[in-house]
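First up is the structure itself, then whatever we jot down about it.
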């Protein structure tokens with residue numbers, strides 16, 4: 019469903035993505051792991067179109083989004099839902115209004131239809147009864163689920179998650195992980211999760227890819243990553259601080 023070829027991106031004169039090649043099959047849950055500052059979020063923003071690569075191609079559903087015109091890209095962009103690390107909820111809007119916002123801004127749906135869709139997505143993330151609460155009145159885990167509900171509002175076929183369990187305690191993080199897997203299973207969405215949380219990655223992933231120095235240095239199943247002899251990967255999953263990964 020998604021194919022990334024020879025992707026490069028630099029920021030402030032530093033090479034962040036340094037020739038990424040990756041194929042992501044339809045319906046799978048891929049987790050991209052790596053330390054802070056390794057370019058995981060930058061990679062997602064390139065897929066979403068929030069950033070444009072310096073070099074290379076991204077193909078989604080047989081369309082090269084790095085080469086197509088704005089009209090075609092807009093049609094592809096509607097297939098993608100994004101769950102931002104900070105949730106990106108507007109504090110002045112209720113949960114209902116936050117989830118409804120993309121429909122009100124980008125569609126001509128009648129209010130009754132919008133209400134039906136919003137309540138449906140809120141129910142999917144188990145926030146029934148909190149529709150008219152403001153973000154400040156919700157817990158961290160609830161705000162995360164609210165962000166997921168909003169990402170679902172256009173019925174995307176691709177979901178991108180940027181550090182979905184960061185800042186959450188293990189119990190709430192586990193709830194979010196279970197929700198991510200449940201949405202993949204129920205909706206058949208292709209899911210890309212970027213995280214530095216190896217425990218979450220091992221639990222939820224169909225496949226795991228590791229970013230290091232701007233390149234994919236490992237790609238395989240959770241079982242394969244446990245047994246790889248790649249020293250950089252082993253150092254990361256064992257949580258060691260010495261050696262090449264800190265260079």
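In this note's numbering, the protein residues as written are 19 to 265. Every residue, glycine too, gets a C-beta built ideally from N, C-alpha and C.
Minimum C-alpha distance to residue i - residue among the options
i: residue 178; options: 184, 103, 240; result: 103
i: residue 241; options: 227, 45, 151, 231; result: 227
i: residue 28; options: 20, 61, 19, 201; result: 61
i: residue 163; options: 58, 154, 140; result: 140
i: residue 25; options: 190, 32, 40; result: 40
i: residue 201; options: 191, 244, 216, 170; result: 170
i: residue 130; options: 186, 118, 123; result: 118
i: residue 78; options: 188, 175, 216; result: 175
i: residue 65; options: 56, 23, 54; result: 23
8 Å contact criterion, which residue i and residue j should meet: CB distance rounded
i: residue 172; j: residue 96; result: 6 Å
i: residue 101; j: residue 180; result: 7 Å
i: residue 166; j: residue 205; result: Rounded, the Cβ-Cβ distance is 11 Å, inconsistent with contact.
i: residue 199; j: residue 47; result: 7 Å
Distance, residue j Cα to residue i Cα
i: residue 81; j: residue 38; result: 18 Å
i: residue 230; j: residue 160; result: 32 Å
i: residue 43; j: residue 91; result: 20 Å
i: residue 72; j: residue 146; result: 44 Å
i: residue 136; j: residue 114; result: 7 Å
i: residue 85; j: residue 45; result: 25 Å
i: residue 263; j: residue 238; result: For residue 263, the pLDDT reaches just 43, beneath the cut-off of 50, and the residue's location in the model is therefore unreliable, although a value from the coordinates is still provided. Going by the C-alpha atoms only, they are around 19 Å apart.
i: residue 232; j: residue 154; result: 37 Å
i: residue 244; j: residue 257; result: 13 Å
i: residue 19; j: residue 209; result: 11 Å
i: residue 249; j: residue 216; result: 16 Å
i: residue 70; j: residue 98; result: 16 Å
i: residue 158; j: residue 21; result: 33 Å
i: residue 74; j: residue 89; result: 21 Å
Proximal residues to residue i (C-beta, below 7 Å), its chain only, five neighbours per side dropped
i: residue 195; result: 183, 218, 221, 222
i: residue 116; result: 107, 108, 164, 168
i: residue 13; result: No information on residue 13 is available, as it lies outside the stretch 19 to 265 that the chain covers here.
i: residue 280; result: Outside the shown range of the chain (19 to 265) lies residue 280, about which nothing can therefore be said.
i: residue 67; result: 83, 91, 95
i: residue 31; result: none
Cutoff 6 Å; reference residue i; Cβ partners in own chain excluding five residues on either side
i: residue 156; result: none
i: residue 83; result: 76, 91, 94
i: residue 33; result: 232
i: residue 127; result: 121
Proximity test, residue i beta-carbon vs the ligand MN heavy atom, cut-off 6 Å
i: residue 92; result: The ligand content of the structure shown is nil, which means the ligand MN is not present either.
Identified DSSP bridge partners for residue i
i: residue 109; result: DSSP lists no partner for residue 109.
i: residue 238; result: 226
i: residue 41; result: 21
i: residue 36; result: 26
Cutoff 8 Å; reference residue i; Cβ partners in own chain excluding five residues on either side
i: residue 149; result: 112, 113, 114, 136, 137, 140
i: residue 246; result: 236, 238, 252
i: residue 185; result: 158
Test: residue i CB closer than 7 Å to a CB of chain D
i: residue 54; result: Absent here is chain D; the protein component of the structure consists of one chain.
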